[in-house]
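Its first residue numbered 276, the sequence shown is counted upward by one per residue in the working numbering.
Just so you know, even glycine gets a beta-carbon here, dropped at the ideal spot from N, CA and C.
All values reported here derive from a predicted model rather than from experimental measurement.
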Amino acid sequence: MEIERVTIHRYEIPLEEPFVTALKPIPELERVLVEVETDDGVVGLGEGAPAYEVTGETQGSTAAVLEDVLAPLILGEDPIDVERVTRRMWALVDGAPSAHAAIELALQDIRGKRADLPLFKLLGGDAAEATIDVPKVLSIKSPAEMAADAVEAVEAGYEQIKIKVGADPATDIDRVASIAEAVPSDVSLKADANQGWGDAKTAMRALDGIAEFVDVIEQPVDKENVDDLAFLREHVDVPVMPDESVETAHDAVELVKRGAGDIYNIKLMKTGGITEAVRLNAVAAADGRPTQLGSMVEGHVGTAAGVHFVTAFENVVWNEMVGPFMTTDGITDLDADVPRISVGGPGLGVTVDRERLRALRSERAVVE
Ligand SMILES: [Mg+2]
């Protein structure tokens, strides 16, 4: 079996509520869908969900790397040889993890379709089906607005709430305390500072007032501040979860050595797909640690891959595959009903709705 054609679609998914970033409000997600076709007619789906603030990638750069370099490279390869193909891709392109992920997920989809097994089974998972419950992620707003958003989320059926913090410690404490007061005590609260507190001293000020309310604090300090992550782990009474500090399995090894982090946040768009995510998760598991599968707000295909990964491994205890609930539309038959997402069938277990894809697509390129 050989790879004979790669089709790269740029498409945009409207968001329920625009993302407010430092640059501008973003009304839609810019994503890349890849279809890898074999000479015997199997089509694998993959997705790139680039986030320039994390990996320096955009939709355009991801599509260009795929079209100019990675897709031509894999023509003629056997898609079952994931190790070989990904090694060749990384040897040629050292970076652009979302572009790598788009191809790698498509190879995993083909493996599953070929074996007639869902991906989580191929990864060794023993669950009956691929299904996960996701949290609600609250954007940074005023404490009162965030408390109101939290109440609305719980009424909608969410049992976990992730709170974006990382501004000034006093307001962050207000935000978390207001939310904790507004929702029932069995709702799990998590906080993500996205490096915003910078150093351990500032983080300690915030965590003094926040730790009692949350189950975890994610990336409290700058990603390079690994010593501060280790310090906080010793000195605060809440688990610390590196996110920006851990992109690859190699990063995880470093964090393990330095005792930094209780739980690691894995993202398929940082690792470049399942293969490296499995390695990273294995490093954590070998050190007796749980992990979370985070997201870059993937569309349906990337989300489906995440559902399989979370289902497959016992130490992946949390996830944030929130994409399908943040958008008003999708391009597959993925089954999403707050707070649950399920996928069935071989491989990634999702099928593209051609009409929806055509409606959302802005550009298409074929490499053959
Ligand atoms: Mg994070």
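A direct Cα-to-Cα measurement between Phe-584 and Phe-395 gives close to 6 Å.
The three-state reading of DSSP puts Leu-380 in helix, counting H, G and I together. Non-local beta-carbon contacts of Val-340 in its own chain, meaning distances under 7 Å to residues more than five positions away in sequence, involve Val-368, Ala-371, Ala-374 in chain order. The beta carbons of Leu-555 and Ala-524 sit about 4 Å from each other, so the pair counts as a contact at 8 Å.
If you draw a straight line from the Cα of Asp-497 to the Cα of Trp-472, it is about 8 Å long. A heavy atom of ligand 1 is found nearer than 6 Å to the CB of Glu-493. If you check the C-beta of Asp-449 against ligand 1, you find no heavy atom less than 6 Å away. Pairing Glu-312 with Leu-380, the inter-Cα distance amounts to about 13 Å. Here the C-alpha atom of Tyr-286 lies approximately 14 Å from the C-alpha atom of Leu-320. Collapsing the DSSP output to three states places Arg-389 in a helix.
In the structure shown, Arg-564 falls within a coil segment according to DSSP collapsed to helix, strand and coil. The residues Glu-312, Glu-643, in chain order, have a CB closer than 6 Å to that of Arg-280 in the same chain once the five nearest residues on each side in sequence are set aside. With contact defined as three or more Cβ pairs closer than 8 Å, the segment 341-351 and the segment 601-608 are not in contact. Selection Glu-430, Gly-432, Val-489, Tyr-433 evaluated against Ser-453 yields Val-489 as nearest (Cα-Cα).
Under the three-pair Cβ rule at 8 Å, the segment 556-567 does not count as touching the segment 386-395. Per DSSP, the beta bridge partners of Arg-280 are Glu-312. Burial of Asp-526 is indicated by the presence of at least 16 other C-beta atoms within 10 angstroms of its C-beta. Look at Asp-503: its beta carbon is at least 6 Å from all of the heavy atoms in ligand 1. If you check the CB distance, Asp-447 and Val-440 come in under 7 Å.
A direct Cα-Cα distance of roughly 11 Å separates Ala-611 from Met-596.
Residue burial is scored here from C-beta neighbours: Arg-306 has at least 16 other C-beta atoms within 10 angstroms and is therefore classed as buried.
Distances from the CB of Asp-315 to the heavy atoms of ligand 1 are all 6 Å or more. The way I'd put it, the segment 511-525 does touch the segment 468-484; three or more beta-carbon pairs between them come closer than 8 Å. Asp-518 counts as buried, since at least 16 other C-beta atoms from the protein chains shown sit within 10 angstroms of its C-beta. About 5 Å separates the CB atoms of Ala-326 and Met-571; that is less than 8 Å, so the two are in contact.
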